[in-house]
Amino acid sequence: MSVQRQKMVAGNWKQNGSLALVQEIQAGLVEAAIDKVNVVVCPPAPYLAAFNATQMQHFSLGGQDVSLFAGGAHTGEVAGAMLSEFGCRYVIVGHSERRADNGETNELVAEKVAVAIEAGLIPIICFGESEQVRDEGRLFEFLKEQIEAVIKRNGVTCLTQSVLAYEPVWAIGTGRTATPEQAQEVHEFVRQFIAERNSEVAESVTILYGGSVKPDNAKLLFSQPDIDGGLIGGASLTLKDFVAICSATN
Ligand code: PEP
-14 MSVQRQKMVA GNWKQNGSLA LVQEIQAGLV EAAIDKVNVV VCPPAPYLAA
36 FNATQMQHFS LGGQDVSLFA GGAHTGEVAG AMLSEFGCRY VIVGHSERRA
86 DNGETNELVA EKVAVAIEAG LIPIICFGES EQVRDEGRLF EFLKEQIEAV
136 IKRNGVTCLT QSVLAYEPVW AIGTGRTATP EQAQEVHEFV RQFIAERNSE
186 VAESVTILYG GSVKPDNAKL LFSQPDIDGG LIGGASLTLK DFVAICSATN
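Under our numbering, the very last position in the sequence shown is 235; numbers go up by exactly one each time.
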């Protein structure tokens, strides 16, 4: 399945939410009738079944992670086919919290990209540096390694079936956002890095920014030429804020 470059806002609920929130967000998104932007919600797996994605236009569901395994004795894991069966079109892969909490390496993330695509899902591949890496002047070298691992395992054309999300770790859940210039600099660098391998892929890949995106900073971030939308954590749990952020892509 190949994905065209598009305006997109994805909400990552992490380990938050409730059935009541599913109902509130779903009803609110239907009422807001957001168009011209692809809206994705990634709730914890048990809540996937409570969404009725078919009711809504420009709306998709996503998982927050995918198992490396297709099935079997892997307690706690969720297979790609299970996510698909419950209506997911997307799955987040390589979020910095999983890299930190679960020791997910660049190579393992690259493997999960393969597994997601194989299961017919579009991986939202997260990458981004810590504050220490940035301070040490290793930003671009570090990001290159994260993206190179995905390309080495899957070939550059896997990015025609994926979405990228630049999420500086120092900006996630901290209230500190990358400035539009800082984010644009990285997005441009990444698009260029991909273009050196395949210029068509570079032009067609959607690259999201994530890290404390809020209604008051979304518009400026999303108006940068290489930023196609956002991956939203905290603000995706509040209907008003999430709708405002989705609307800021226009
Ligand atoms: C995230 O964790 O993907 C994220 C961007 O979180 P927040 O928006 O809360 O910084």
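Glycine included, every Cβ here is placed at the ideal spot set by N, Cα and C. Just so it is clear, the structure is predicted and the values come from calculations on it, not from any experiment.
So if DSSP puts Ala150 in a beta bridge, which residue, or which two residues, is it bridged to? Cys111, Leu193
Is the CB-CB distance between Ala233 and Pro210 below 8 angstroms? One thing to note: Ala233 has its Cβ no nearer than 8 angstroms to the Cβ of Pro210.
Whose C-alpha, out of Ala38, Ala66, Ser197, Met41, is nearest the C-alpha of Leu53? Ala66
Beta-carbon within less than 6 angstroms of Tyr194's beta-carbon, same chain only, minus the 5 sequence neighbours each way: which residues are those? Excluding residues within five positions, the ones whose Cβ falls inside 6 angstroms are Tyr151, Ala168, Leu206, Ile212, Gly215.
Once DSSP output is grouped into helix, strand and coil, what is the label at Ala38? For Ala38, the secondary structure class from DSSP, reduced to helix, strand or coil, is helix.
For Glu188, count neighbouring Cβ atoms within 10 angstroms of its own Cβ and tell me buried if that reaches 16, exposed if not. exposed
Among Glu114, Val135, Arg138, which one has its Cα closest to the Cα of Phe127? Glu114
Could you check if Glu89 is buried or exposed, using at least 16 other CB atoms within 10 Å of its CB as the buried criterion? buried
Is the stretch 218 to 225 touching the stretch 170 to 182, taking contact as three or more C-beta pairs under 8 angstroms? By the Cβ test, the stretch 218 to 225 is not in contact with the stretch 170 to 182, since fewer than three Cβ pairs between them sit closer than 8 angstroms.
Opening and closing residue of the beta strand (DSSP E) in which Met(-7) lies: -7 to -3
Pick helix, strand or coil for Val118, following the three-state DSSP scheme. helix
Taking the continuous alpha helix (DSSP H) assigned at Val236, which residues delimit it? For the chain, the structure presents residues -14 to 235; residue 236 sits outside this window and is missing.
Counting C-beta neighbours from all protein chains within 10 Å, is the total for Gln11 16 or more, i.e. buried, or is it exposed? buried
If contacts are defined as beta-carbon pairs under 8 angstroms, then Ile107 and Gly79 qualify, I think. What distance do you get, rounded to the angstrom? Wrong, their Cβ atoms sit about 14 angstroms apart, outside the cutoff.
Are the beta-carbon atoms belonging to Gly122 and Ser69 less than 8 angstroms from one another? no
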